[in-house]
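In my numbering, the protein residues as written are 38 to 202.
All C-beta atoms, glycine included, are put in the ideal place defined by N, C-alpha and C.
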């Protein structure tokens, strides 16, 4: 489950408007303009910290009050459950977000039903043989291709720069 435009759902207090002003250059006027940000500006360091406090609180409520087996990474909430309980636990998580006033993404790529194989946070988790004590975690194919491409460019250059290492 993924929160929809998560940072834009976390509003600044009107009392904080004095420190929510940003300056942007307007190319059509050739001047800088001042704008008040009414929600957390995505990427600002303090906003990441503030948002993660809310995200962890949502996680905690889900675990403690609703016995959800999930984790969170920023606005993503990967979730596990037994196949018998999966629909119920997914509905519980969705209704919890609704109750708390958070909108979740309805994007088909992000809002998928439970499956034995799923891709949270850039990796693939395969639980299809978990009853045999085997769980496979691997990179997505696109990530593997990017790694191979990087290795090939290093080999072609016959040089490994410290930042790349």
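Take the Cβ of residue i as the centre, count every other Cβ of all protein chains shown within 10 Å, and call the residue buried at 16 or more, exposed below.
i, result
"residue 193", "exposed"
"residue 138", "exposed"
"residue 95", "buried"
"residue 158", "exposed"
"residue 109", "buried"
Would you kindly check if the distance between the Cβ of residue j and the Cβ of residue i is under 7 Å?
i, j, result
"residue 69", "residue 60", "yes"
"residue 44", "residue 79", "yes"
"residue 74", "residue 57", "yes"
"residue 145", "residue 155", "no"
"residue 141", "residue 41", "yes"
"residue 123", "residue 151", "yes"
By how many angstroms is the C-alpha of residue j removed from the C-alpha of residue i?
i, j, result
"residue 211", "residue 116", "Since the first residue of the chain shown is 38 and the last is 202, residue 211 is not available in this structure."
"residue 51", "residue 76", "10 Å"
"residue 170", "residue 129", "28 Å"
"residue 39", "residue 114", "6 Å"
"residue 82", "residue 168", "42 Å"
"residue 120", "residue 202", "42 Å"
"residue 87", "residue 195", "44 Å"
"residue 187", "residue 135", "42 Å"
"residue 184", "residue 178", "10 Å"
"residue 132", "residue 84", "26 Å"
"residue 181", "residue 160", "10 Å"
Hey, quick one: how far does the beta strand (DSSP E) through residue i stretch, first residue to last?
i, result
"residue 160", "160-163"
"residue 70", "68-73"
"residue 63", "58-63"
"residue 173", "173-176"
Could you pull the start and end residues of the alpha helix (DSSP H) that residue i belongs to?
i, result
"residue 122", "Residue 122 -> no alpha helix (DSSP H), and no H or E assigned at all."
"residue 97", "82-103"
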